[in-house]
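Asker: For the sequence shown, the positions run 0 to 235 when numbering that gives the first Met the number 0 is used. Even for Gly, the Cβ is constructed at its ideal location relative to N, Cα and C. Quick one: structure below, then a few questions.
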Amino acid sequence: MSFGLGNGRTLEPGTHGIKADTFPPLPDDINARQDAAWLDPRQWFTDPSKRFEIEIGSGKGTFLLQQGELEPETNFLGIEWAGEFFAYAADRVRRKGMDNVRLLHGDATEFLRWRLPNEIASVIHLYFSDPWPKSRHHKRRVVQDSFLVQAHRVLKPGGELRIVTDHAEYWQWMEEHFDRWTTPAVEPHRATPAPWQRQPFNRPASAGDGEVVGTNFERKYAREGRPFNATILKKN
Ligand SMILES: C[S@@+](CC[C@H](N)C(=O)[O-])C[C@H]1O[C@@H](n2cnc3c(N)ncnc32)[C@H](O)[C@@H]1O
Numbered sequence: 000m001s002f003g004l005g006n007g008r009t010l011e012p013g014t015h016g017i018k019a020d021t022f023p024p025l026p027d028d029i030n031a032r033q034d035a036a037w038l039d040p041r042q043w044f045t046d047p048s049k050r051f052e053i054e055i056g057s058g059k060g061t062f063l064l065q066q067g068e069l070e071p072e073t074n075f076l077g078i079e080w081a082g083e084f085f086a087y088a089a090d091r092v093r094r095k096g097m098d099n100v101r102l103l104h105g106d107a108t109e110f111l112r113w114r115l116p117n118e119i120a121s122v123i124h125l126y127f128s129d130p131w132p133k134s135r136h137h138k139r140r141v142v143q144d145s146f147l148v149q150a151h152r153v154l155k156p157g158g159e160l161r162i163v164t165d166h167a168e169y170w171q172w173m174e175e176h177f178d179r180w181t182t183p184a185v186e187p188h189r190a191t192p193a194p195w196q197r198q199p200f201n202r203p204a205s206a207g208d209g210e211v212v213g214t215n216f217e218r219k220y221a222r223e224g225r226p227f228n229a230t231i232l233k234k235n
């Protein structure tokens, strides 16, 4: 399906866009060797030594453009599996000549699971993640126990998973998942301290007046008057 995002113009990701289907295939013994397909996305940036953050489901790339401009000392990788949104966002950052923002075309949960080394990122942003409201589609939601395990592995100690959603039922699902991983005595995790702690959401500097983050979906839903829920999971 085409959303006509180029408005008649061909979208050009250039070197600002990376495609996951160009990565080497996962080896047959990947389950025995967790690190067999790891790669280092920090090398995709002009200065790989900068602090590194990830946005999952970056859509049109508005958060990356806004925050990337205010925070040039941080490299931001947006991961987007819809080809046209990936191309649109990568084309935007390429035209702005931003050397601290890159877009990856692929499935973010697969990328975290198989490709990312331990303790590489300072923040993972997840804003207005698709709610997949039908029960039979819940397995497609980004937030799952397995995702929280991988996000925890990929974040540096003290790193943050930052979440905002408009969807009440998905929020309830998230809170049930967060409770399992922030309460030490509750299964499936009995470690002390718990792997994560909850913190109140603080707005990024790029959020506009009255905005929580200022993504495209936030602006659209704010016009509809929808309430939002937001939180930070901080890695212990
Ligand atoms: C509702 S939109 C929100 C976009 C943007 N974060 C915003 O707030 O404007 C969700 C986006 O996440 C993308 N997405 C959902 N699951 C994904 C996954 N597993 N990997 C990469 N992108 C994903 C969708 O294609 C879509 O662009």
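From which residue to which residue does the beta strand (DSSP E) around Glu54 run?
Answerer: Arg50 to Ile55
Asker: Does the distance from the CB of Gly16 to the CB of Phe85 come in under 9 angstroms?
Answerer: Less than 9 angstroms separates the beta-carbon of Gly16 from that of Phe85.
Asker: Can you tell me whether His104 is helix, strand or coil according to DSSP?
Answerer: strand
Asker: Taking DSSP as the reference, what is the three-state secondary structure of Trp195?
Answerer: strand
Asker: How far does the alpha helix (DSSP H) with His151 in it extend, from its first residue to its last?
Answerer: Asp144 to Val153
Asker: Measure the alpha-carbon distance for Asn6 versus Ala81 and round it to whole angstroms.
Answerer: Annotation: Asn6 to Ala81 spans about 17 angstroms, alpha carbon to alpha carbon.
Asker: Following the continuous beta strand (DSSP E) through Gly77, name the residue where it begins and the one where it ends.
Answerer: Thr73 to Glu79
Asker: Taking Cβ positions, are Ser128 and Thr164 nearer each other than 9 angstroms?
Answerer: yes
Asker: How many angstroms separate the CA atom of Gly207 from the CA atom of Gln149?
Answerer: 31 angstroms
Asker: Does the contact criterion of 3 or more C-beta pairs under 8 angstroms hold for the stretch 92-104 versus the stretch 135-148?
Answerer: no
Asker: Taking 6 angstroms as the limit between beta carbons, can you name the residues of its chain near Glu70, skipping five residues before and five after?
Answerer: none
Asker: On the DSSP letters alone, give me the boundaries of the beta strand (DSSP E) that Val212 sits inside.
Answerer: No beta strand (DSSP E) holds Val212; DSSP gives it neither H nor E.
Asker: Mind checking Asp90: buried by the 16 CB within 10 Å criterion, or exposed?
Answerer: buried
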